[in-house]
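The sequence shown begins at 1 in UniProt numbering and counts up by one. What follows is a single structure, written as structure tokens, with notes after it.
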Amino acid sequence: MMQTREIRYDVIGLTETRRHPPLNATFDTGEEVFLGTCDSRGVGGVGVLVNTNLAMNIDSFEQLTARIGRLRLRRCGSTPAVTVFVAYAPTSSYDEDEIEAFYMDLEKFYREDHTFYKVIVGDFNVKIGPEERLRNFTSVPTAYSGTNRERS
Numbered sequence: 001m002m003q004t005r006e007i008r009y010d011v012i013g014l015t016e017t018r019r020h021p022p023l024n025a026t027f028d029t030g031e032e033v034f035l036g037t038c039d040s041r042g043v044g045g046v047g048v049l050v051n052t053n054l055a056m057n058i059d060s061f062e063q064l065t066a067r068i069g070r071l072r073l074r075r076c077g078s079t080p081a082v083t084v085f086v087a088y089a090p091t092s093s094y095d096e097d098e099i100e101a102f103y104m105d106l107e108k109f110y111r112e113d114h115t116f117y118k119v120i121v122g123d124f125n126v127k128i129g130p131e132e133r134l135r136n137f138t139s140v141p142t143a144y145s146g147t148n149r150e151r152s
């Protein structure tokens, strides 16, 4: 928590939290943390840290899978409703089927969410190739630079 005082943030996505019981806590500062659970192998777990000035807008946090969580923020004044997906991709050492299942789940949850503004954050620590897995449902280039395609 001391490190968050060094930066300005609204929401920080947390990955590889590896908790068994989920956690929802409010700090003395008013910041809120939501941590989901890992799978039976101790893999995964995602969560969010929400700054004090945005904490009052929290609608819900749901862990959709051990690797994907969803924070919903309510509309407040001129600030529109926003959904933040936190994702923790399997590394390239995982079976291709498990990696593909992760991206299929992420795409499904993204498409099923009807919030106009959606953000995907997380640890995509797998080389994903020519960005097609994310481009299929985000429609804009990603910031990921570890692809086979050169950027201009």
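For glycine and all other residues, C-beta sits at the position ideal for the given N, C-alpha and C. As the structure is a prediction and not an experimental result, all values here were calculated from the model.
Taking only three categories from DSSP, how would you classify residue i?
| i | result |
| --- | --- |
| residue 125 | coil |
| residue 87 | strand |
| residue 6 | helix |
| residue 31 | coil |
| residue 79 | strand |
| residue 217 | With the chain represented from 1 up to 152, any question about residue 217 goes unanswered, as that position is not in the structure. |
| residue 17 | coil |
| residue 48 | strand |
| residue 151 | Confidence at residue 151 is low in this model, with a pLDDT of 41, below 50, so the placement of that residue should be treated as unreliable; the coordinate-derived value is given next. Coil. |
Would you mind working out which of the options sits nearest residue i, comparing C-alpha positions?
| i | options | result |
| --- | --- | --- |
| residue 13 | 45, 38, 30, 25 | 45 |
| residue 26 | 56, 16, 6 | 56 |
| residue 115 | 24, 33, 35, 79 | 79 |
| residue 106 | 123, 85, 94, 125 | 85 |
| residue 120 | 16, 69, 50 | 69 |
| residue 21 | 47, 125, 10, 110 | 47 |
| residue 81 | 109, 49, 54, 111 | 54 |
| residue 35 | 77, 60, 74 | 60 |
| residue 125 | 77, 24, 94 | 94 |
Output the boundary residues of the alpha helix (DSSP H) element that contains residue i.
| i | result |
| --- | --- |
| residue 111 | 96–112 |
| residue 57 | Unbroken run through residue 57: none, as it is neither H nor E. |
How close, in whole Å, do the beta carbons of residue i and residue j come, if the pair is a contact with beta carbons under 8 Å?
| i | j | result |
| --- | --- | --- |
| residue 83 | residue 118 | 5 Å |
| residue 18 | residue 38 | 5 Å |
| residue 71 | residue 33 | With a Cβ gap of about 11 Å, residue 71 and residue 33 do not count as contacting. |
For the ligand PLP, I want to know if residue i counts as a neighbour, meaning its beta carbon is within less than 7 Å of at least one of the ligand's heavy atoms.
| i | result |
| --- | --- |
| residue 61 | With respect to small molecules bound, the structure shown includes none, and the ligand PLP cannot be examined in it. |
Name, in chain order, the residues that DSSP records as bridge partners for residue i.
| i | result |
| --- | --- |
| residue 119 | 84 |
| residue 11 | 50 |
Between which two residues does the beta strand (DSSP E) carrying residue i extend?
| i | result |
| --- | --- |
| residue 72 | 68–73 |
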